[in-house]
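Colleague: Got a structure for you, questions after.
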Amino acid sequence: MNKIDRYIIKKFLVTFFYSLLLLLLVVIVIDFSEKIDDFIQNDLSFFTIMSEYYLHFLPYFANLFSPLFIFISVVFFTSRLADNSEIIAIFNSGMSFKRFLRPFIISAVFLSVLSFILGSYVIPISNKYRIDFQNKYLKSQKQTLKKNIHLQKTENHYYYLEGYNNKRNIGYKFSVENFENGKLINKLRANYIQWDEETKKWTLNKYEIRTFHEDGETLNIGEKTDTTLMLFPSDFIVQINLAETMNLNELNKNIESETIKSSGKAKFYKIEKHKRIAFPFAIIILTIIAVSLSSKKKKSGIGTNMGLGLLISFSYILFFQFSSTLSINGNLEPWIAVWIPNILYVFLGILLLRKTQNI
8 MNKIDRYIIK KFLVTFFYSL LLLLLVVIVI DFSEKIDDFI QNDLSFFTIM SEYYLHFLPY
68 FANLFSPLFI FISVVFFTSR LADNSEIIAI FNSGMSFKRF LRPFIISAVF LSVLSFILGS
128 YVIPISNKYR IDFQNKYLKS QKQTLKKNIH LQKTENHYYY LEGYNNKRNI GYKFSVENFE
188 NGKLINKLRA NYIQWDEETK KWTLNKYEIR TFHEDGETLN IGEKTDTTLM LFPSDFIVQI
248 NLAETMNLNE LNKNIESETI KSSGKAKFYK IEKHKRIAFP FAIIILTIIA VSLSSKKKKS
308 GIGTNMGLGL LISFSYILFF QFSSTLSING NLEPWIAVWI PNILYVFLGI LLLRKTQNI
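If you're matching positions, the sequence shown starts at 8 in our numbering and goes up one per residue.
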């Protein structure tokens, strides 16, 4: 590692952490202004807000958007190097563009590893305090599964609801199938079911029970009855940010258990897991794009590069949100949804890299 490498690495890291600090200060001001009514309503002191919320919110926010912060930082300081003709001097000394990329890659890999460790094992601990604060003083983070709910509570019991209303604890078009040695023994269907909080039982309305025998079947029909099921209202609720409180090992265990139950919660855990792996890779990909984009001196100055950098940053967010929504509300596999932006931007990086080398 020569002086140029150390110089670029220093510029890279100093610019990133300085930019990150400024952006986090702006985020605090904006976020505080949005939540000030909740803070006042709950009579929270400034110390409580800072120590119990922002102390845990800022690391989460910084790590979540670190690929974009790093990208903008690299565009900025590389454009400054090009504008000051420092990059031209480096190339004139005989250094190739690929060799010029080395200190950027070293810095990006360092930040990627740091982001992965923090995101997978450290920040989940901090997120528990952040989410506890949000659930206690801010709006609820709970979401309800509403359509086509499939659950497998045990090896032989399969539940299905066409819809579930979390506020009223009512499930619609309910059915449960019981199997024994791979054969269907009986099937219960109800027009709708409702949870009774006092008795801790389900009320079945307009139900029918079919019991299958070797010589046929029997049918039992009724208007209303109370019964116990291996179901609870919490089985139909997905607390999306619960995944953010789990380390990588806990995510893997919950993915396995929720996949067996077919509860629908597994996809949220899978998205979170793949996001923690994909985002560190995004740091490296976006760093290469940023260097390729801003290493040539332009007559229009730094402004053009910064504008393109912001455009690419927001397009990355747009692609990620769009693909994640397709996974949550559709049939797109979580790993595909999370990795689509990285795959697209790998091709963009290759194109820009080739174009820059040919100039």
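We put the beta carbon where it would ideally sit given N, CA and C, even for glycine.
Got a sec? Which residues, its chain only, sit under 8 angstroms from Y128 by beta carbon, not counting five neighbours each side?
Modeller: N254 and L255
Colleague: Give me the Cα-Cα distance between Y166 and S241, rounded to the nearest whole angstrom.
Modeller: 14 angstroms
Colleague: Thinking just about the alpha-carbon of each residue, which of I79, I350, G189 and S302 is nearest to the one in S103?
Modeller: When each option's Cα is compared against that of S103, the closest is S302.
Colleague: Is G189 helix, strand or coil by DSSP?
Modeller: coil
Colleague: Is it buried or exposed, Q148, if we count other Cβ atoms within 10 angstroms and call 16 or more buried?
Modeller: Any reading at Q148 must be qualified, since the residue scores a pLDDT of 46, below 50, and its modelled position is unreliable; the value itself is stated next. Counting Cβ neighbours within 10 Å, Q148 comes out exposed, since fewer than 16 surround it.
Colleague: Assuming L191 contacts F219 under a Cβ cut-off of 8 angstroms, what Cβ separation, rounded to an integer in Å, is found between them?
Modeller: 6 angstroms
Colleague: Pull the bridge partners of A89 from the DSSP assignment, please.
Modeller: The partner list for A89 (beta bridge, DSSP) is empty, contrary to what the question assumes.
Colleague: Nearest to T294 by CA position, among Y352, G310 and K277, is which residue?
Modeller: Y352
Colleague: Quickly, what does DSSP pair S182 with across the bridge? List them, please.
Modeller: Y167 and R196
Colleague: May I have the straight-line CA-CA distance separating R87 from I309, to the nearest angstrom?
Modeller: 7 angstroms
Colleague: Hey, V82 and G316: beta-carbon distance below 7 angstroms or not?
Modeller: yes
Colleague: Go ahead and label I94 buried or exposed: buried means 16 or more other beta carbons lie within 10 angstroms of its beta carbon, across all protein chains shown.
Modeller: buried
Colleague: Taking the alpha-carbon positions, what's the Q159 to M57 distance?
Modeller: Approximately 43 angstroms, taken between the alpha carbons.
Colleague: Which whole-angstrom value is the C-beta distance of I290 and S73, which I expect to be below 8 angstroms?
Modeller: 7 angstroms
Colleague: Suppose only complete runs of 4+ residues qualify. What are the alpha helix (DSSP H) ranges in the region 211–276, listed by chain order?
Modeller: 255–268
Colleague: Look at the alpha carbon of F53 and the alpha carbon of I130, and state the distance between them as a whole number of angstroms.
Modeller: The alpha-carbon atoms of F53 and I130 are separated by roughly 23 angstroms.
Colleague: As a quick exercise: from L318, F275 and F140, pick the residue whose alpha carbon is nearest that of D45.
Modeller: F140
Colleague: Just verifying my parser: in three-state terms, what is the DSSP assignment at S147?
Modeller: Residue placement at S147 is poorly supported in this model, since its pLDDT is 49, which falls under 50; the coordinates still yield a value, given next. The answer is coil: DSSP assigns S147 none of H, G, I, E or B.
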